[in-house]
Amino acid sequence: MKKTLNLAMLGAVLASSLNALAQEPVRIGFITTLSTPAGYLGEDARDAFRLAIEQEGGKLGGVPVELLVEDDGLQPAKGKQIVDRMTLDGISLYTGVMFSNVLAAVVNAATQGDRFYISANAGPSNLAGEQCKANYFAASYQNDVPHEMAGVAANDLGYQKMVILAPNYQAGRDALAGFKRTFKGEVSEIYTKLNQLDFSVELARVRALNPDAVFQFHPGGAGINFAKQYGSSGLAKSIPMVVPVFSMDERMLAATGNVAEGVNVVSGWNPQSDKPANQAFIQAFTAKYNRAPTMYAAQGYDTARLIGSALKATSGNLEDADAFRSALRAADFDSVRGDFRFGSNQHAVIDWHLLKVQAGADGKLAEVPVKTIATAQVDSYAAKCAL
Amino acid sequence: MSRRIIIDLACLATFALLPLLAALLDEPFLVSLFTRLAIYGMAAASLDLLIGYGALVSFGHAAFFGLGGYVVGIVAFHTAQLMPLWGWEGSNSALIVWPLALLCCALLGLVMGYLSLRTSGVQFIMITLAFSQMLYFILGSLSFYGGDDGILLNERNSLPGLDLNDANQFYYLCVALLVGWLLFCRRLVGSRFGFVLRGLKQSERRTVSLGLQPVRYRLTAFVIAGLGAGLAGILWANYALFVSPDMAAWQKSGELMAMVILGGVGTLLGPVLGAAAYLGLEQLLSLWTEHWLLAFGPLLLLVVLFGRQGIYGLLMKGADKPRRARARSALPPLAAQEVRP
Amino acid sequence: MSAHLSIRGLEKSFGAVKATNNANLELAAGELHAIIGPNGAGKSTLIAQIAGEIRPDKGQILLGGRDITAVPAHERPRLGLARSFQVSQLYPEFSLLENLAVAIAAREGRSFGFWKPLSRDRSLLDPAFAYLQQVGLAPRAEDRVSELSHGERRQLELALALAQEASVLLLDEPMAGLGAEESARMTEQLMALKGRYAILLVEHDMDAVFALADRITVLVYGETILSGSVEEIRGSQLVRAAYLGEEHA
Amino acid sequence: MLLLEQLLNGLQYSALLFLLASGLTLIFGIMGVINLAHGAFYMVGAFCAAYTAMASGSFWLGGLAALAGSALYGLVIETAIIRRLYNRDHLDQVLATLAVVFFTNELITLLFGRSPPAMPTPEWYGAFVEVLPGLMYPVSRLLFIGAGLLVAVGMWLLINHTRLGMLIRAGADDHEMVGALGVNIGRLYTLVFVFGCALCGLAGFMAAPLLSVEIGMGEKVLITTFVVIVVGGVGSVRGALVGALLIGMVDSLGRAYVPPLLDQLLPAETSGALSAGLLSASAYIVMALVLLVRPRGLLPARA
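Protein chains in written order, with the UniProt record's numbering: chain A, 1 to 387; chain B, 1 to 341; chain C, 1 to 249; chain D, 1 to 303.
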């Protein structure tokens with residue numbers, strides 16, 4: 001009896017001293033959407049984030065990290081519950097939320113005090129402008145930029161008259177507003193329903209309006225529905241489409257099939273960029289998960305490496321919030337999206353590309369780069385941020 | 001001591017001592033989890049009032065949850081933005097905002113109940129669903145209040161003598177309101193009104209032949225149950241500091257219904273246990289695996305197929321029928337009385 | 001004798017079926033008036049129209065001289081109309097006392113009480129007990145109705161009708177399904193009520209009807225073909241042909 | 001001409017709704033089961049269609065797989081679960097079938113992953129037919145309308161002119177009577193349930209090339225399907241047809257004409273929000289109105 005007790009004590013002592021030797025890992029709260037049809041967004045971001053950690057053998061920037069992933073089910077209230085529990089648990093570094101409405105519920109708790117939130121996808125306008133926060137970073141983009149860039153692309157492509165469509169909810173209305181901000185021609189707006197299945201009615205209206213091109217924002221399943229029906233309605237042959245990458249990411253492309261050929265996609269990530277960091281990422285991701293990464297994966301990977309750069313600069317000490325913040329702002333990492341820096345409002349400033357869906361070298365459809373639309377694009381809210 | 005009282009006391013003790021336990025285990029999250037249980041428990045118990053005692057299967061109960069929360073959210077929005085609402089500069093006092101929210105819920109209950117009660121059976125289930133979905137879409141189209149993104153609140157409402165921003169104090173307030181609500185519901189189902197409501201479930205023809213108009217009683221019950229869910233919504237808005245349209249979506253109504261069935265229909269305390277089991281399981285399983293629904297589905301199924309009276313029925317198994325035992329002891333022997341002339 | 005309840009030219013069709021066809025009936029205060037007729041003659045439909053559950057297509061129902069044809073069912077008890085059901089309509093989950101207490105609270109217009117427990121309200125339970133005594137169910141006062149035998153349920157039906165303190169009782173086959181002994185007891189109880197209420201009794205048990213009724217109306221295919229005293233009906237050739245003949249054939 | 005095209009579009013949406021609603025209303029009318037899992041069989045059908053078509057390259061084989069897959073899964077679920085629910089109240093059925101939905105969704109996620117598959121289609125599928133002079137309409141959507149019509153006619157023949165149909169009609173009216181006829185009622189129930197599931201499979205197959213084949217696609221149409229059967233009158237196939245046409249047409253024509261109309265009447269800000277709210281809630285508004293006027297639906301099964 002006594003012996004076992006002693007042994008147990010010895011074990012405890014050993015374990016604690018080992019712990020002291022090996023640094024306590026930095027815990028990162030990764031709140032994301034894994035269930036629901038939109039679950040693949042979170043899955044890609046999470047898998048890429050994990051890949052970055054694995055490549056360093058359980059570390060980021062040389063500092064051991066522990067990734068705590070939880071599914072928000074695309075429900076703001078659930079996201080809020082998770083962040084509340086994680087903050088009580090003492091976690092002070094967060095990322096992973098895919099959707100703006102979940103982010104709105106999560107962001108306050110995740111940035112209070114010395115806590116940091118680094119967005120790997122959603123970048124709502126209020127957080128970029130007047131309500132920008134010292135501890136909030138968007139390593140992805142500001143929500144309006146992809147749509148503004150789509151407007152620029154449409155100008156470049158010489159379209160004069162366009163029909164623009166989006167579901168009638170906050171992000172959809174923002175998308176159309178963003179597009180109109182830069183597009184110089186004439187537009188007709190059509191709002192669709194959230195989670196709409198059938199678009200035949202809208203497509204008939206498009207045909208009747210006979211525009212030069214169509215811009216549409218329908219992420220996830222609705223976007224696949226739209227693209228499939230756009231193709232089968234025959235409009236794809238006569239009226240080209242310009243979309244932000246959310247309406248046609250790699251997975252949606254795979255689900256849509258051949259009818260997606262010819263779609264113009266505006267993205268902050270050029271999957272065929274020959275930058276070594278990008279090529280290495282795509283290779284590693286494909287090897288590990290047996291599928292091609294999406295833009296969400298690229299952003300997740302960038303976010304992980306950004307965090308790694310800041311952890312490295314501060315040796316994993318999150319307690320000095322000012323130091324950690326400066327390290328993040330420096331963004332001293334090799335982004336798979338090319339040149340990367342933070343703007344004054346701590347939102348990513350990156351290049352934007354026009355891609356086109358066409359048969360790649362292997363005969364399969366891929367998003368092939370056409371041109372760069374803008375370099376180091378700063379979002380239109382940065383000026384309003386007092387940081 | 002009857003089994004029923006033991007269960008009551010055990011639940012009460014758990015709720016009362018929980019913050020101590022949380023402090024001992026150094027798990028402050030427990031308080032937050034149990035606050036959520038108390039709030040959902042209140043909403044589920046109020047739905048049980050309809051389902052279990054009035055045989056009114058409402059598939060739109062989340063409408064009240066959402067509306068209660070939204071009134072709090074909208075008032076807070078105007079107060080924080082210094083933007084008067086029809087000339088009223090807003091208020092952060094719970095004593096003003098909460099009754100206002102309850103009033104709105106009562107009005108909604110009157111209109112929704114009056115129209116829905118023209119139908120019965122499956123049609124009632126669907127028409128209540130329809131009304132709550134309409135509210136859901138209305139809330140979602142309020143782009144001024146964030147549309148689908150909802151409203152973030154800066155602080156909890158204030159109540160004299162309490163600091164609601166303190167997790168423990170807010171928790172005890174929720175528990176006290178839950179206990180109060182359950183006691184009220186128990187009195188209600190045993191009252192003259194409650195007997196009419198339960199009587200309607202057993203024989204509507206008899207009840208009409210006694211000179212009672214069914215709709216008046218059912219509508220009253222509908223409004224009262226709506227107030228319960230509305231209060232839960234108010235507390236939720238304060239707890240989460242966030243309201244969004246999905247508080248009123250059909251999935252939320254379905255969740256509440258699942259809690260009632262899981263806990264035991266027509267038992268009032270059962271649905272609170274059902275809420276605890278539902279949220280607890282969801283929490284545990286989702287920590288364990290992201291494919292938690294794969295396990296959650298069959299678990300639900302087992303309870304439905306083999307645990308007919310829900311959790312409360314399981315706990316009461318083998319115990320005396322409580323109602324009769326109580327009625328007997330409560331009734332003093334009646335003196336032999338003269339038969340009416 | 002002035003008619004307390006009058007039915008004039010009542011008609012009701014369900015699709016092509018005429019359930020009630022020119023039904024006429026006069027019920028005097030204190031009179032026990034029986035309605036007899038073969039199965040499917042529309043007796044229950046007639047009762048349902050008087051009680052207000054079914055709205056007639058045509059005709060009039062007068063209670064104490066007032067036209068109540070359009071008065072909804074739940075308002076008729078207040079005007080003095082109480083009924084029992086052919087198939088017992090009771091609250092099986094409640095005790096006998098509680099069943100009656102609900103009826104008494106309803107009669108007194110006190111059903112909108114949200115706080116005081118009904119099961120401990122002496123102002124309801126005491127009179128409830130008295131009604132149970134009246135029909136001989138006092139020993140079972142605190143049992144659940146679901147535990148009662150069929151005969152006891154029929155008696156509780158009667159007690160509930162009595163508890164409404166109405167001037168007119170519509171009794172829809174109170175002896176349905178009763179054995180000989182139980183029927184005899186029910187007949188006795190109804191006999192004790194005679195004269196205190198105007199009773200409209202629908203009944204198949206001819207012995208009971210002939211023992212109890214002051215007047216009898218014969219209903220065939222929804223039509224009141226004959227009305228008269230017990231002797232007149234017994235002697236009527238028409239009734240024999242239309243009704244008794246069938247039964248005794 | 002645009003109106004005509006929009007009518008066809010409405011018809012096509014109605015066809016999808018009818019394929020789902022006819023099975024659901026039969027299951028409800030005959031067995032009294034509120035089956036929230038009905039949409040799950042539609043999803044299973046779509047997945048079977050897409051993966052089989054991808055693997056075999058044959059469009060029609062995909063269709064066969066969809067029918068077989070949905071029917072088979074329906075048989076398993078009926079035998080294991082639904083059978084035990086016939087004598088339960090609606091609440092138990094709701095919860096149990098909801099559990100089936102949870103389970104099926106996760107099962108499909110585990111089996112096929114989260115990436116929605118693409119359904120390959122033959123060349124002719126993307127072609128157009130001149131329905132009327134000057135009105136070209138895609139084959140894909142005509143096929144859908146055709147399937148809806150075929151099932152409607154088939155169901156009418158089945159119910160009114162076969163022994164099975166006689167039993168179904170009798171079953172909807174009186175369960176005991178069917179038992180008294182010496183029919184194995186359990187087998188009849190299984191048959192009807194599996195038949196409903198096969199119709200879901202057909203709907204899934206028809207939808208796979210046009211809609212995203214994804215987890216949760218069933219729930220998206222499930223509630224609308226319930227709306228359809230309640231509007232039409234629960235338990236009545238004719239009602240399901242009328243309900244599907246009403247809801248489908250209101251939805252499509254509403255989307256086509258309400259926003260332009262409101263834009264003319266109201267300032268842009270209000271009209272946008274208003275038309276969005278109106279259109280999203282259109283099915284529910286129709287249902288509430290129908291039930292307020294006819295509390296049992298338009299064509300209830302039992303008079």
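Where is the CB? At the ideal position from N, CA and C, for every residue including glycine.
Simplified DSSP state of residue i, which is helix, strand or coil
i: N290 of chain A; result: coil
i: T104 of chain D; result: helix
i: V57 of chain B; result: coil
i: G113 of chain A; result: coil
i: K193 of chain A; result: coil
i: H33 of chain C; result: strand
i: H347 of chain A; result: strand
i: R144 of chain C; result: strand
Cutoff 8 Å: residue i Cβ touching any chain A Cβ
i: F29 of chain B; result: yes
i: L315 of chain B; result: no
i: F226 of chain D; result: no
i: V250 of chain D; result: no
i: E290 of chain B; result: yes
i: L152 of chain B; result: yes
Min CB distance residue i to chain D below 8 Å
i: V201 of chain A; result: yes
i: S143 of chain B; result: yes
i: A208 of chain A; result: yes
Sequence-distant residues of its chain with Cβ nearer than 6 Å to residue i (five each side left out)
i: G151 of chain C; result: L178 and E182
i: V192 of chain D; result: L26 and I30
i: K18 of chain C; result: G222
i: A43 of chain B; result: F65, A229, A232 and L256
is_contact[residue i, chain C] using C-beta, thresh 8 Å
i: F306 of chain B; result: no
i: residue 377 of chain B; result: In the structure as shown, chain B begins at 1 and stops at 341. Residue 377 of chain B is therefore absent and cannot be evaluated.
i: G121 of chain B; result: no
Sequence-distant residues of the same chain with beta carbon closer than 7 Å to residue i, five excluded per side
i: G220 of chain A; result: P37 and A38
i: L135 of chain B; result: A63, G66, L67 and A248
i: E43 of chain A; result: L34
i: L36 of chain D; result: V94, T97, L98, V101 and L222
CB contact check: residue i to chain B, cutoff 8 Å
i: E231 of chain C; result: no
i: Y169 of chain A; result: yes
i: R78 of chain C; result: yes
i: A153 of chain A; result: no
Within chain F, the residues that residue i reaches when beta carbons sit closer than 8 Å
i: G140 of chain B; result: No chain F appears in this structure, whose protein chains are A, B, C and D.
Notebook entry, point to check: In chain order, what residues of the segment 231–250 of chain B put their CB closer than 7 Å to some CB of chain D?
Noted result: Closer than 7 Å at the C-beta level to chain D, one finds these residues of the segment 231–250 of chain B: W250.
Item checked: Positions along the segment 206–218 of chain D whose CB lies within less than 9 Å of some CB in chain A -> For the segment 206–218 of chain D, which is checked against every Cβ of chain A, the residues closer than 9 Å are A207, P209, L210, L211, S212, V213, E214, I215, G216 and M217.
Margin query: Under 9 Å, CB to CB, which of the residues in the segment 215–227 of chain B have a partner in chain C?
Written below: For the segment 215–227 of chain B, the residues whose beta carbon sits under 9 Å from a beta carbon of chain C are, in order, R216, Y217, T220 and I224.
Checklist line | Contact list for the segment 80–91 of chain C against chain B, Cβ threshold 8 Å | finding: So the list reads A82, R83, F85, Q89, L90 and Y91, given in the order they occur along the chain.
Item checked: Under 8 Å (Cβ pairs) to chain B, residues found in the segment 163–190 of chain C -> Hits within the stretch, in order: Q164.
Notebook entry, point to check: If contact means a Cβ-Cβ distance below 8 Å, which residues of the segment 236–247 of chain D contact chain A?
Noted result: Against chain A - using a Cβ distance shorter than 8 Å - the segment 236–247 of chain D contributes no residues.
Check: Given 8 Å as the limit, is there contact between the segment 49–66 of chain C and the segment 213–232 of chain C, that is, 3 or more CB pairs closer than that?
Finding: Counting Cβ pairs under 8 Å, fewer than three are found: no touch.
Check: Just checking, does the segment 66–74 of chain C make contact with the segment 156–166 of chain B on the three C-beta pairs under 8 Å criterion?
Finding: Cβ pair count under 8 Å is below three, so no.
Check: Using a beta-carbon distance cut-off of less than 8 Å, what residues from the segment 91–110 of chain A approach chain D?
Finding: For the segment 91–110 of chain A, the set of residues with a beta-carbon nearer than 8 Å to any beta-carbon of chain D is empty.
Next item on the list: Please list the residues of the segment 101–124 of chain C that have a C-beta atom closer than 9 Å to any C-beta atom in chain B, keeping them in chain order.
Entry: Cβ contacts with chain B come from A101, V102, A103, A105, A106, R107, G109, R110, S111, F112, G113, F114, W115, K116, P117, L118, S119, R120, D121, R122 and L124.
Check: Using a beta-carbon distance cut-off of less than 8 Å, what residues from the segment 135–148 of chain D approach chain A?
Finding: Within the segment 135–148 of chain D, the residues whose Cβ lies closer than 8 Å to some Cβ of chain A are M136, P138, S140 and R141, listed in chain order.
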